[in-house]
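In what follows, a structure is listed as structure tokens, so that the remarks can point back to it.
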Amino acid sequence: MLNFALLLTYNKRTTCFPGRSNIIMISVILPVYNEAAHIATVLDCLAASQVPNLEVIVVDDASTDDTAQICSRYSVTLLRRPENGGPARCRNAGAAASHGELLLFLDADIQFDPELLPRIMTHLDAHPHLAGALTLTAPEPLNPSFAGRFVALQDYLRYTHICAQGHRSWSYITTRFGLLKREVFEEVGGFNESLRAAAYEDLEFCARMSERHQLALDPDWLVRHHFPDTLWKMLRRLHVNARGVMSFPRAMRRKVSAPFTRDRNARILLALSWLLGACGFFAPPLWIGAALCQLGALRQVWWLPRGFYRHEGLLFAVKGWLVYNATLVPFATGVARGVADTVRRRVI
């Protein structure tokens with residue numbers, strides 16, 4: 051326990067990282083709400099990282115379980131909020147109370163290799179122009195349901211495909227495990243506290259961040275995560291995110307949707323496929339067009355079914371493609387609700 055305290059407690063005897071002439075400190079910002087089942091795992095991962103000069107700030111968003119009691123066993127700064135305000139507000143409060151030049155935003159329900167943070171810091175030492183680093187979702191989620199595996203593997207395949215195309219930096223941060231310079235965080239203005247739900251507040255933050263701030267991206271920087279454990283929860287989250295993104299100004303929408311251009315194209319083709327398939331009951335030749343649209347969608351996101359097959363086998367690949375088809379529904383309803391919200395605000 052003594053070694054653990056030495057690792058996590060703020061120490062004024064700051065340490066230089068190899069390759070850097072300046073002294074640096076990392077502040078971990080960890081918002082929690084009823085995370086008693088998970089919080090010990092992520093705190094243990096931080097302790098095992100053996101990174102010097104690390105402070106950990108846990109912001110308890112009015113939990114009603116034993117989250118705060120578990121955190122009190124560790125040498126962390128625990129900020130307890132009197133009422134629930136959402137992760138955006140918690141992250142801002144944690145950043146305001148921190149001292150580090152680098153802010154490490156974490157989710158409470160993750161697990162990562164102890165060497166991950168040291169590897170990232172070594173990379174940033176060699177590339178000081180970068181504003182931070184983002185990580186990828188590991189293909190194996192912490193909850194092994196079909197829905198969890200689908201979401202984790204889809205996210206992993208999408209970003210490894212981006213990396214394979216030569217992209218090794220991005221103006222984007224993932225708050226499940228994302229490292230960012232304090233000066234960039236302050237320039238952006240922090241997270242939007244009007245977004246109370248744990249949904250798209252990180253997308254909104256990234257949309258406001260200037261393209262000149264690039265974060266390192268590496269396919270080997272993996273974090274395991276808990277994801278929705280049912281298809282209904284997964285589809286509902288997609289609806290919420292699509293609705294929220296439609297509330298962004300056009301330039302912001304264009305930026306945050308850049309990694310998902312092929313997904314958008316695939317969904318357009320899938321929508322045409324569904325439409326032609328329905329019309330095919332009255333004009334059967336249209337079923338040929340529906341099949342061609344399905345093939346076109348497969349071509350747009352070929353890396354997805356191929357990755358499903360390589361990681362999980364043929365049956366998962368077939369089921370995964372059917373579920374990907376089904377995601378068109380919450381995506382479309384979310385966009386429609388978002389457009390309606392925008393029109394309503396302008397009229398009122």
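Here the sequence shown is numbered in the working numbering, starting from 51 and rising by one per residue.
Idealized CB from N, CA, C, for every residue including glycine.
Out of L153, T225, A181 and R141, point me to the one whose CA is closest to R262's CA.
For R262, the nearest C-alpha among the options comes from A181.
Does DSSP put F298 in a helix, a strand or coil?
DSSP places F298 in coil when its eight states are reduced to three.
CB Y222 to CB L265, shorter than 9 Å?
Cβ atoms of Y222 and L265: closer than 9 Å.
Could you tell me which residues DSSP puts in a beta bridge with Q161?
R274.
Check the C-beta distance from I160 over to H275 and give it rounded, since I have them as a contact under 8 Å.
5 Å
Under 9 Å, do G384 and M296 count as touching if we go by C-beta distance?
yes
According to DSSP, is D268 part of a helix, a strand, or is it coil?
Of the three classes helix, strand and coil, the one that applies to D268 here is strand, per DSSP.
Three-state class that DSSP yields for S307 in the structure shown
coil
Rounded to a whole number of angstroms, what is the C-alpha to C-alpha distance between E133 and D157?
Distance from the CA atom of E133 to the CA atom of D157, rounded to whole angstroms, is 19 Å.
In the DSSP assignment, find the unbroken beta strand (DSSP E) run with V78 in it and report its ends.
I76 to V82
Got a sec, what are the start and stop residues for the alpha helix (DSSP H) V108 sits in?
Run containing V108: none in the alpha helix (DSSP H); it sits in the beta strand (DSSP E), L104 to D110.
Looking at the structure shown, is W352 part of a helix, part of a strand, or coil, going by DSSP?
coil
Separation of L166 from L174, as counted between CA atoms
Spanning the two alpha carbons is a distance of roughly 13 Å.
Does the separation of the CB atoms of L184 and F241 fall below 9 Å?
no
Quick check on the DSSP output: the beta strand (DSSP E) that includes R130 runs from which residue to which?
T127 to R130
Hey, would you say the C-beta of D110 is under 8 Å away from at least one heavy atom of the ligand ADP?
No copy of the ligand ADP occurs in the structure displayed, which carries no ligand at all.
Just how far apart, CA to CA, sit A98 and T224?
22 Å
I believe W353 touches L207 by the beta-carbon criterion, under 8 Å. Please report the beta-carbon distance rounded to the nearest angstrom.
6 Å
Own chain residues within Cβ distance below 6 Å of P299, not counting five before or after:
none
F50 lies in the beta strand (DSSP E); which residues open and close that run?
Residue 50 lies beyond the range of the chain shown here (51 to 398); nothing can be said about it.
Can you give, in chain order, each stretch of the alpha helix (DSSP H) that sits fully within the segment 171 to 231 and has at least 4 residues?
196 to 214
Close beta carbons around L112, own chain, < 6 Å, minus the five adjacent residues each side
It should be pointed out that residue 112 corresponds to Ala in this sequence rather than to Leu. The beta carbon of A112 is closer than 6 Å to those of R131, E133 and N134 in its chain, skipping five residues each way along the sequence.
Residues sharing a beta bridge with F255, DSSP:
Looking at the DSSP assignment, F255 forms no beta bridge with any residue, so it has no partner.
What is the DSSP secondary structure of L345, counted as helix, strand or coil?
helix
If you follow the beta strand (DSSP E) that L153 is in, where does it begin and where does it stop?
L152 to L156
Have a look at R139, R394, V373 and S122 and flag the residue whose alpha-carbon is nearest the alpha-carbon of F196.
V373
Can you find the residues in the same chain that come closer than 6 Å, C-beta to C-beta, to L322, ignoring five residues on each side of it along the sequence?
Only C343 meet the Cβ criterion.
Closest by C-alpha distance to E151, when choosing among A247, R287, R232 and G239:
R232
Spatial neighbours of R395 within its chain, please: C-beta separation below 6 Å, excluding the five flanking residues on both sides.
none
Minimum C-alpha distance to V106 - residue among S148, H88, A382 and C140
S148
Assign S71 to one of three DSSP states: helix, strand, or coil.
Note that S71 scores a pLDDT of 36, beneath 50, so its modelled location is shaky and nothing firm can be said.
Over what stretch of residues does the alpha helix (DSSP H) that includes Y374 continue unbroken?
L364 to A376
Neighbourhood of R218 by C-beta, 8 Å cutoff - its chain only, sequence neighbours within 5 removed
A266, L267 and D268
Chain C beta carbons: is any one of them nearer than 9 Å to that of H179?
You won't find chain C in this structure, because it holds only one protein chain.
Tell me which same chain residues have a C-beta within less than 6 Å of the C-beta of F358, skipping the five on either side of it?
F366, A367 and G370
Along the chain, where does the alpha helix (DSSP H) that runs through A118 open and close?
T117 to C121
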